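Chains as they are written, first to last, in the numbering used here: chain A, 1013 to 1353; chain B, 18 to 365.
Structure below.
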């Protein structure tokens, strides 16, 4: 909603200021993370113990993993609200097939294929039929959750073998009992996604199509193909998150992960990724995940009503959109004075 | 259907008059489309299970639609202006609890006062959204996603583990959804009147038409001198106030109100609006369409129930229908744009 004069001054801004604007957000976020962990450990001696950090990783692992493909999709100028429903569908499928005696490896293959197909449906509807992703993924949010509901109905499947459910709650061997499997997967995926986004032509293309889809198309970037692939990757990763979720809780029910899409979107926006696409960084998303998990955990330890932590998440989200517009000009002036002296 | 522009601007150039007629005709066709689907659905269901058209079932569906249709009215105003209000579910929850709790806190409080309280609570939430979106120039998706969390959080902090239950509510209040005039629930008539007023306002009033212009092209609307910020602000305030009233009705309908009341309603309401033919990126659609969308979704739920199909199919069918509706809209829009372009060229 910037006016034409606004974008003109944007162009005229000196380089130092623009660099400052790019760095500012992640720096600010890092300060927030340090503050949260500082206050948390001051408020409760349990906060920075290995055991607590393990729990922190455990309870936020799936959300954290799902923010990674969401980041790429939002930077490319789209949105995927069906992520939590794909998680739920994958969880329901796991329970449904296991209850019918399928071997676990075969179930994993089916889940991966279904997840990728679910993402492909999103991607094709958005790119080939040119439908707005916001509307499409609200539709598939209902559709995929509906499939989960049809598969399991009111039933619960919980007789998974301990060899698998241990993956959900135990630490990765040789890590000093501090790192969960979901944390490990998040770290590995974050590195891969970070490299792809910031150091490959594909990553640059994603920024380009987010900034201007038309310009990207004229520059020869295969916008439709890349967007479809991004949605398919999102589908795959969310189905993986569904497996992790099921094993962590040892339960497959149709409403697993209900409503998580909003948390995932909130984290990505908190990270400074622009909802209009073209802007954001993966390090920002990692910091935002830490901030989100840290707050949830600190509030848990201080006996704050766990259900009401949304106030803090929402407040952070509002701060993340308002601080730049309020503080931005002030910091800009300061940087300009700095570059003059 | 972004091609629908405020009529007074069209009238200045003669070539636009035909385009407006065409665009209006298409929008009417779109509404009759939903109506046709609705009729087919009701007819088929009735053929299989005759009791679907029982008075009691019709009453049930109508009452079930009221809260939904009211929310769709507010959401339509916001969506037409190329914004979205995701906080409505949380506003319904907060208003439902706080207003019905008044009956327990102040026994004998008149029912209209409770409705006013709900309206006030909703209006406060809507004003907050509106200020942030209009004055702060922040995308509404982000603002209302945040307020969705914050308002629900406040609700949870206030309510905690307690709840308002039907025994603390006066019978006159609980009877609101049950009272009928000539077999039609009062509440459905009242909501229909409100929707008719809303439809008339958006069609006829300058400020209503402005919302379409803003949604078609915010930048152009600003350059044309429309008060973009004020109109968007008003749309959010109205949406909030309506959600507040809908919350009180929700309380009357369910009788038991805890901190989860209205959770997830925002997506259902947006779906009803989109199924009803309101473009998610603004500029076109009607309140009547959105209300029909809400009625269609409620009817489908009821039909599945009556047909003995597990309610677990509800959501999948609902999602499929939503996808179908937006795909259909896209096709219509493409055809309409092509027709308008041809129309304009032939007149040059």
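The beta carbon of each residue, even a glycine, is placed where N, CA and C say it ideally should be. If you're wondering where the values come from, they're calculated on a predicted model, not measured in any experiment.
- Query: At which residue ranges does the stretch 1294–1347 of chain A contain complete alpha helix (DSSP H) runs of 4 or more residues, listed in the order of the chain?
  - Reply: The stretch 1294–1347 of chain A contains, as complete alpha helix (DSSP H) runs of 4+ residues, the segments 1294–1313 (chain order).
- Query: DSSP three-state call for residue 1173/A: helix, strand or coil?
  - Reply: Residue 1173/A falls in the coil class under three-state DSSP.
- Item | Sheet register partners of residue 1212/A (DSSP bridge) | For residue 1212/A, DSSP assigns no beta-bridge partner whatsoever.
- Query: Does residue 1157/A come within less than 8 Å of chain B when only Cβ atoms are used?
  - Reply: Cβ-Cβ to chain B under 8 Å: yes for residue 1157/A.
- Have a look at residue 1180/A and residue 1194/A and give me their C-alpha separation to the nearest angstrom. Cα-Cα distance, rounded: 8 Å.
- Cα separation between residue 220/B and residue 226/B? When only Cα atoms are considered, residue 220/B and residue 226/B end up about 6 Å apart.
- Message: Would residue 1301/A and residue 1311/A be called neighbours here (beta carbons separated by less than 8 Å)?
- Response: In this structure, residue 1311/A does not lie closer than 8 Å to residue 1301/A by Cβ.
- Item | Test item: CB-CB of residue 293/B and residue 51/B under 8 Å | Contact: yes.
- Residue ranges of each beta strand (DSSP E) run of no fewer than 3 residues wholly in the stretch 101–180 of chain B, ordered along the chain? Runs found: none.
- Buried/exposed call for residue 193/B, threshold 16 Cβ in 10 Å: Under this definition residue 193/B is a buried residue.
- Query: Thinking C-alpha only, which one of 1283/A, 1069/A, 1168/A, 1040/A is nearest residue 159/B?
  - Reply: Looking at 1283/A, 1069/A, 1168/A, 1040/A, the one whose alpha-carbon comes closest to that of residue 159/B is 1283/A.
- Message: Given a cut-off of 8 Å on the beta-carbon distance, is the pair residue 1253/A and residue 1078/A in contact?
- Response: Yes, these two residues count as a Cβ contact at 8 Å.
- Nonlocal neighbours in the same chain, by C-beta distance under 7 Å from residue 208/B, ignoring five residues either side: Answer for residue 208/B: 83, 86, 87, listed in chain order.
- Residues in the stretch 1122–1134 of chain A with C-beta within 7 Å of chain B's C-beta atoms, listed in sequence order? Here the close residues number zero.
- Message: Is it buried or exposed, residue 1038/A, if we count other Cβ atoms within 10 angstroms and call 16 or more buried?
- Response: Its Cβ being crowded by 16 or more others within 10 Å, residue 1038/A is buried.
- Hey, quick one: how far does the alpha helix (DSSP H) through residue 1148/A stretch, first residue to last? Start and end: 1145–1164.
- Item | Three-state secondary structure assigned by DSSP to residue 1091/A | If DSSP states are grouped into helix, strand and coil, residue 1091/A belongs with coil.
- Query: Under three-state DSSP, which class holds residue 22/B?
  - Reply: Only weak support exists for where residue 22/B lies, its pLDDT of 45 falling under 50; the value from the coordinates is given anyway. Residue 22/B falls in the coil class under three-state DSSP.
- Query: Should residue 173/B be flagged as near chain A, meaning a C-beta pair shorter than 8 Å?
  - Reply: Yes, residue 173/B lies at the interface with chain A (some Cβ there is under 8 Å from its Cβ).
- Item | Cβ contact check for the stretch 303–313 of chain B and the stretch 231–251 of chain B: 3 or more pairs under 8 Å | Result no; under three Cβ-Cβ pairs closer than 8 Å.
- Item | Contact with chain A by residue 28/B, beta-carbon distance below 8 Å | Interpretation of residue 28/B is limited by its pLDDT of 42, a score under 50 that renders its predicted location unreliable; the figure taken from the coordinates is listed afterwards. Put simply, the CB of residue 28/B is far from chain A, with every gap to its CB atoms at 8 Å or more.
- Is there a Cβ from chain B that is less than 8 Å from the Cβ of residue 1226/A? Not closer than 8 Å to any Cβ of chain B, the Cβ of residue 1226/A fails to qualify, so no.
- Does the beta carbon of residue 267/B sit closer than 8 Å to a beta carbon anywhere in chain A? Using beta-carbon distances, residue 267/B does not count as an interface residue toward chain A, since no partner is under 8 Å.
- Could you tell me whether any Cβ in chain B is nearer than 8 Å to the Cβ of residue 1259/A? No, residue 1259/A lies away from the interface with chain B (no Cβ there is under 8 Å from its Cβ).
- Task: Could you tell me whether the stretch 1084–1100 of chain A touches the stretch 1231–1244 of chain A, using the rule of 3 or more Cβ pairs below 8 Å?
- Result: Judged by Cβ distances under 8 Å, the stretch 1084–1100 of chain A makes contact with the stretch 1231–1244 of chain A, as three or more pairs qualify.
- Message: Buried or exposed for residue 1235/A, going by 16 or more other Cβ atoms inside 10 Å?
- Response: Classification for residue 1235/A: buried.
- Any chance the stretch 96–112 of chain B sits against the stretch 267–287 of chain B, with 3 or more Cβ pairs inside 8 Å? In this structure the stretch 96–112 of chain B touches the stretch 267–287 of chain B; the number of beta carbon pairs closer than 8 Å is three or more.
- Query: Hey, is the stretch 131–143 of chain B in contact with the stretch 195–207 of chain B, meaning 3+ C-beta pairs nearer than 8 Å?
  - Reply: Flag = no, the stretch 131–143 of chain B and the stretch 195–207 of chain B do not touch.
- Just reading off the alpha helix (DSSP H) that residue 1268/A is part of, what are its end residues? It is not in any alpha helix (DSSP H) - residue 1268/A carries neither H nor E in the DSSP assignment.
- Of all the residues that make up the stretch 319–335 of chain B, which are near chain A by a beta-carbon distance shorter than 9 Å? The residues in question are 327, 328, 329, 330, 331, 332, 333, 334, 335.
- Query: Of all the CB atoms in chain A, is at least one closer than 8 Å to the CB of residue 360/B?
  - Reply: Judged by the 8 Å Cβ criterion, residue 360/B is not in contact with chain A.
- Query: Ends of the alpha helix (DSSP H) at residue 227/B?
  - Reply: 223–233 is the span of the alpha helix (DSSP H), which, as asked, contains residue 227/B.
- Query: Which residues of chain B have a Cβ atom closer than 7 Å to the Cβ of residue 1140/A, listed in chain order?
  - Reply: Correct list: empty, because the minimum Cβ distance to chain B is about 11 Å.
- Pick from 1226/A, 1073/A, 1153/A, 1190/A that is closest to residue 333/B, judged by C-alpha positions: With distances taken between Cα atoms, residue 333/B lies closest to 1153/A.
- Message: Looking at residue 131/B: is its Cβ nearer than 8 Å to the Cβ of residue 276/B?
- Response: Result no, Cβ atoms of residue 131/B and residue 276/B do not sit closer than 8 Å.
- Query: Whose Cβ in chain A lies nearer than 8 Å to the Cβ of residue 288/B?
  - Reply: Correct list: 1150, 1151, 1154.
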